[in-house]
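Chains as they are written, first to last, in the working numbering: chain A, 18 to 363; chain B, 1212 to 1558. The beta carbon of each residue, even a glycine, is placed where N, CA and C say it ideally should be.
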Amino acid sequence: MTLAPALTFSNAADRGRRMRRQAALVAFLLALLVAVFVLTLVLGQAYTPPGEVLRVLMGEDVPGASFTVGQLRLPRAVLSVLAGMSFGLSGVAFQTMLRNPLASPDIIGISSGASAAAVFAIVVLSLDGPAVSVFAVCAGLAVALAIYALAFRDGVVGTRLILIGIGVSAMLESFVAYILTQAPEWTLQEALRWLTGSVNSARLDQAVPLALSLLVFGGLLMSRARDLDLLRLGDDTAAALGVNVAWTRVTVIIGAVGMIAMATAVTGPIAFVAFLAGPIAVRIVGPRGSLLLPAALVGAVLVLASDYVGQFLLPSRYPVGVVTGALGAPYLIYLIVRVNRTGRSL
Amino acid sequence: MSLSTPTATARPGMPARSGRMRGLGLLGLGALLVMLCALSITIGSRDVPWSDIAAALSGQVDTVGQAAVSLRIPRTLLALLAGAALGLAGAVMQGVTRNPLADPGILGINTGAALAVVVGVAWFGMSSTDAFVWSATAGAGFTALFVYTIGSMGRGGATPLKLTLAGAATSIAFSSLVIAVVLPRNDIAGGIRSWQIGGVGGATDERILPVLPFLAIGLALSMLSAKRLNALALGDELAAGLGERVAIARAVAALGAVLLCGATTAACGPIGFVGLVVPHLCRLLVGVDHRWLLPFSAAAGACLLILADIVGRIAARPAEIDVGIVTAFVGAPFFIWIVRRQRVREL
């Protein structure tokens, strides 16, 4: 799943056909997302007829369904979609910008930075709500800056950045583990949220800041979609094609880090979603054109479906991060195997 | 630019160290170790008067203070053994793979051992420490083989970069599998935390004793490999030219390291970065000759882990910080420093 397309020239007819095909595939992803979303609302421990679900969504008071759908399933599903989109977008932005599938924020320590800050804010400083998110965003940016600065030596080499990110993330994760041991009154559920990510304690009001962040940071990323796409050809080529490389980098980092930190402050670092969404999106829509929207949709489907699987389809209940972790881990190893065997650069 | 092999050449400009100096250095390290052991027994979350410490050392457990000290003794012993084993294993691995970033934690071997134990406990009802050690060693061996196979695929064989990435990926992967296995089982002793972050807090004689034979064999194999590691450091071709059977030399040394890591992880969970930091520091002290580097790494590893345990006990009084957290905090910046310093070759 290379993220670097060959620079090819095709005639207008080809191009039109390709874009139509891509639009169709994106529409398919969107349909898939809606289908999974509806499924999670309709079918949980018990079946709720779609008509009743619709009435709950309209704000009517339906005995029984108002609680199961309105209080349990809907917040969960909405939060899953928003967080999944944030993770997917942020991941693919980093992977594209650094031209390396391993350079996703959850592997190079940015998620752990946001997670560590959120845990610190909640447990030690007893903050909640927006303050935690602000804390997480600042920490995420600080970690991104630190990793970038540490990796800088006559320019930033992707592999060095990844290795340094792995070191930073080891440190931040043990910080999270330490804080969790200091908070004995915490439940295992709560701890798991900060270790692997979970939407178990979802509330509908948590969705508002996430939706806002998607709008603001996601909009920022989308406004740079074309430049980001050109960055895949290499910095020099992109610059020759009229891209302001440094400026694009700064905006993309702010957008991607802001988004993933906001999501992490609410759901915890849902394992590997940022890492997986981009490569899966490439598989589905092909390497050409912007991957931002497809990756966002894939991320949302991943989180939504994994949460559903973790809740209902496995012998015991798992938080979503454990399911995505079990999915992502083998893929990570497969990726390394493939890269090593073909001898291509990562 | 390739990673300069840490073991290949003595640094120019440094005088060759005489055996006597190194001997004295080792003696000094031994003295430091004894001092740290004494500190570890006397310092803790609870202040215990000297009379109680003396009484506890002679086997009495009448007062709370004496009981506390009697808990610190096996704990210190475990920290000593684990630190020595990890330091030694790190030095051997760095020699075997000619990789300055090799460490049982970074290469995922400790996590592999932990995963094997967790699977054994959750799915096969394992409960004795003996079984822990066997499965941990098997898990460590399997993971070492796995990571080395992945890391040596393709052009250029097992380059440091490929090996480190393969190890880090495996480590991330296995630690999320550990969570997946342990999570539905509330009954597993220690739960998720003790298999994610290593600690020496709950040490008892029963936990230490079954590990000893494994550590002894691992120690023997590693020490016997010292000369072969020196030959390997010259590069495979040259080592073969000098009459060394490269594959066998590698396998024996790696087996020693795997036994050390597996046994350590079975007793105290995965502890990272000791095996990374210690050999690098020791190389600055005694140079690259493995016949000296290995014993120095063992002694310094023991010192480091005991010190980390003491720090963990007094830094957050009355609570304790697991030693695995302390080593990560010391070791991760060190790891970053090495990555920065090396001119990492692009694949």
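**Report entry** Where Phe169(A) falls: helix, strand or coil (DSSP)
**Finding:** Taking the first sequence and counting its residues from 1, the one referred to as residue 169(A) is at position 152. The three-state reading of DSSP puts Phe169(A) in strand, counting E and B together.
Requested in this report: Provide the residue(s) that pair with Tyr64(A) in DSSP beta bridges, ordered along the chain.
Outcome: The count along the first sequence starts at 1 and reaches residue 64(A) at position 47. Tyr64(A) pairs with Leu60(A).
Query raised in the report: How about the stretch 1331-1348 of chain B and the stretch 1507-1516 of chain B: do they share at least three Cβ pairs that are nearer than 8 Å?
Result: A contact between stretches requires three or more CB pairs, one per stretch, nearer than 8 Å, and the stretch 1331-1348 of chain B fails this requirement with the stretch 1507-1516 of chain B.
Requested in this report: Pull out every residue of the stretch 317-337 of chain A whose Cβ sits closer than 9 Å to any Cβ of chain B, in chain order.
Outcome: Result list: Leu331, Pro332, Ser333, Arg334, Tyr335 and Pro336.
Query raised in the report: First and last residue of the alpha helix (DSSP H) that includes Met1337(B)?
Result: Stepping through the second sequence from its first residue, residue 1337(B) is reached at position 126. Run containing Met1337(B): none; DSSP gives neither H nor E here.
Query raised in the report: What is the residue span of the alpha helix (DSSP H) that Ser132(A) lies within?
Result: Residue 132(A) sits at position 115 when you count from the first residue of the first sequence. Its alpha helix (DSSP H) spans residues Ile127 to Val136.
Query raised in the report: Can you find a CB in chain B that lies within less than 7 Å of the CB of Thr176(A)?
Result: Along the first sequence, one-based indexing puts residue 176(A) at 159. For Thr176(A), the answer is yes, since a Cβ of chain B falls inside 7 Å of its Cβ.
Report task. Can you pull the chain B residues whose beta carbon is under 9 Å from the beta carbon of Tyr165(A), in chain order? Result -> In the first sequence, the residue the question calls residue 165(A) occupies position 148. Correct list: empty, because the minimum Cβ distance to chain B is about 13 Å.
Query raised in the report: So what does DSSP say about Pro311(A), is it helix, strand or coil?
Result: As a first step, residue 311(A) must be located in the first sequence, where it is residue number 294. Pro311(A): helix per DSSP, three-state reduction.
Report task. Ignore the nearest five residues each way along the sequence and tell me which others in Ile350(A)'s own chain have a CB closer than 8 Å to its CB. Result -> Along the first sequence, one-based indexing puts residue 350(A) at 333. Apart from the 5 residues on each side of it in sequence, Ile350(A) has no Cβ closer than 8 Å to any other Cβ in its chain.
**Report entry** Euclidean distance between Cα positions of Ser191(A) and Phe104(A)
**Finding:** For the purposes of this step, residue 191(A) is taken as the residue at position 174 of the first sequence. For the purposes of this step, residue 104(A) is taken as the residue at position 87 of the first sequence. Between Ser191(A) and Phe104(A), the C-alpha separation is close to 22 Å.
Query raised in the report: Do you know how far the Cα of Leu309(A) is from the Cα of Val262(A)?
Result: Within the first sequence, the letter at position 245 stands for residue 262(A). Within the first sequence, the letter at position 292 stands for residue 309(A). Their backbone Cα atoms lie some 18 Å apart in a straight line.
Query - Distance between Gly81(A) and Pro226(A) (C-alpha atoms, nearest Å) - result: Working through the first sequence from its first residue, we reach residue 226(A) at position 209. Working through the first sequence from its first residue, we reach residue 81(A) at position 64. Counting only the Cα atoms, Gly81(A) lies some 28 Å from Pro226(A).
Query raised in the report: Exposed or buried, what is Tyr64(A) when buried is set at 16 or more other beta-carbons lying within 10 Å of its beta-carbon?
Result: In the first sequence, residue 64(A) corresponds to position 47, counting from 1. Exposed, by the Cβ-count rule.
**Report entry** CA-to-CA distance, Glu1531(B) to Ser1251(B), given in whole angstroms
**Finding:** For the purposes of this step, residue 1251(B) is taken as the residue at position 40 of the second sequence. For the purposes of this step, residue 1531(B) is taken as the residue at position 320 of the second sequence. Each residue's Cα considered, the two are about 14 Å apart.
Query raised in the report: Span of the alpha helix (DSSP H) holding Pro122(A)?
Result: Working through the first sequence from its first residue, we reach residue 122(A) at position 105. First-last for Pro122(A): undefined, no H or E at that position.
Requested in this report: Pull up the distance between the alpha-carbon of Ala1442(B) and that of Lys1373(B), whole angstroms please.
Outcome: By one-based count along the second sequence, residue 1442(B) stands at place 231. By one-based count along the second sequence, residue 1373(B) stands at place 162. Their backbone Cα atoms lie some 23 Å apart in a straight line.
**Report entry** Simplified DSSP assignment, three categories, for Val343(A)
**Finding:** Working through the first sequence from its first residue, we reach residue 343(A) at position 326. A small correction: the amino acid at residue 343(A) is Ala; Val does not occupy that position in the sequence shown. Three-state DSSP puts Ala343(A) in a helix.
Query raised in the report: Hey, how far is the Cα of Arg305(A) from the Cα of Pro296(A)?
Result: Taking the first residue of the first sequence as 1, we reach residue 305(A) at position 288. Taking the first residue of the first sequence as 1, we reach residue 296(A) at position 279. Answer to the nearest angstrom: the Cα atoms are 13 Å apart.
Query - Ile139(A) to Asp145(A) span [Cα, whole Å] - result: In the first sequence, counting from the first residue as 1, residue 139(A) sits at position 122. In the first sequence, counting from the first residue as 1, residue 145(A) sits at position 128. Near 6 Å, if we compare the C-alpha coordinates of Asp145(A) and Ile139(A).
Query - Glu77(A) in three-state terms, based on DSSP - result: Translated into the one-based positions of the first sequence, residue 77(A) becomes position 60. The answer is coil: DSSP assigns Glu77(A) none of H, G, I, E or B.
Query - Exposure label - Arg1231(B); buried when at least 16 CB within 10 Å - result: For the purposes of this step, residue 1231(B) is taken as residue 20 along the second sequence, with counting starting at 1. Result: exposed.
Query raised in the report: How about Ala1539(B): is its C-beta nearer than 7 Å to some C-beta of chain A?
Result: Position 328 of the second sequence, counted from the start, is the residue given in the question as residue 1539(B). It does: the Cβ of Ala1539(B) has a partner Cβ on chain A nearer than 7 Å.
Query raised in the report: Are the C-beta of Lys1373(B) and some C-beta of chain A separated by less than 7 Å?
Result: Translated into the one-based positions of the second sequence, residue 1373(B) becomes position 162. So yes, Lys1373(B) belongs to the interface.
Report task. Please decide whether Ser1405(B) counts as near chain A, where near means a Cβ-Cβ distance under 7 Å. Result -> Here residue 1405(B) refers to the residue found at position 194 of the second sequence. So, not an interface residue.
Requested in this report: Would you identify the three-state DSSP class for Ala29(A), choosing helix, strand or coil?
Outcome: Taking the first sequence and counting its residues from 1, the one referred to as residue 29(A) is at position 12. Helix, per DSSP.
Report task. Compute the beta-carbon to beta-carbon distance between Ser143(A) and Thr281(A), rounded to the nearest angstrom, for a pair I have assumed lies under 8 Å. Result -> Residue mapping note: residue 143(A) aligns to position 126 of the first sequence, counting from 1. Residue mapping note: residue 281(A) aligns to position 264 of the first sequence, counting from 1. That belief does not hold up - the Cβ atoms of Ser143(A) and Thr281(A) are roughly 19 Å apart, past 8 Å.
Query raised in the report: Roughly how many angstroms lie between the CA atoms of Lys1438(B) and Leu1504(B), to the nearest whole one?
Result: Residue numbering aside, residue 1438(B) sits at position 227 when the second sequence is read from its first letter. Residue numbering aside, residue 1504(B) sits at position 293 when the second sequence is read from its first letter. A direct Cα-to-Cα measurement between Lys1438(B) and Leu1504(B) gives close to 11 Å.
Report task. Return yes when the Cβ of Val1259(B) is within less than 7 Å of the Cβ of Ala1242(B), no when it is not. Result -> Along the second sequence, one-based indexing puts residue 1242(B) at 31. Along the second sequence, one-based indexing puts residue 1259(B) at 48. Going by beta carbons, Ala1242(B) and Val1259(B) fall outside the 7 Å limit.
Query - Range covered by the alpha helix (DSSP H) that runs through Phe111(A) - result: Counting from one through the first sequence, the residue named residue 111(A) turns up at place 94. Its alpha helix (DSSP H) spans residues Leu91 to Leu115.
Query raised in the report: Do Leu1326(B) and Gly1486(B) come within 7 Å of each other at the CB atom, strictly closer than that value?
Result: Here the question's residue 1486(B) lines up with position 275 in the second sequence. Here the question's residue 1326(B) lines up with position 115 in the second sequence. The Cβ-Cβ distance between Gly1486(B) and Leu1326(B) does not fall below 7 Å.
Query raised in the report: Checking contacts by CB at 7 Å: is Gly342(A) closer than that to chain B?
Result: Position 325 of the first sequence, counting from 1, holds the residue named residue 342(A). For Gly342(A), the answer is yes, since a Cβ of chain B falls inside 7 Å of its Cβ.
Query raised in the report: Any idea what DSSP makes of Asn1321(B), helix, strand or coil?
Result: Here the question's residue 1321(B) lines up with position 110 in the second sequence. Helix at Asn1321(B).
Query raised in the report: Who are the neighbours of Leu1518(B) on chain A, taking C-beta pairs under 8 Å?
Result: By 1-based counting over the second sequence, the position of residue 1518(B) is 307. Per Cβ cutoff of 8 Å: no residues; Leu1518(B) is ~17 Å from chain A at best.
Report task. State yes or no: is the beta carbon of Ala187(A) nearer than 7 Å to at least one beta carbon in chain B? Result -> Residue 187(A) sits at position 170 when you count from the first residue of the first sequence. Interface criterion met: the Cβ of Ala187(A) is under 7 Å from a Cβ in chain B.
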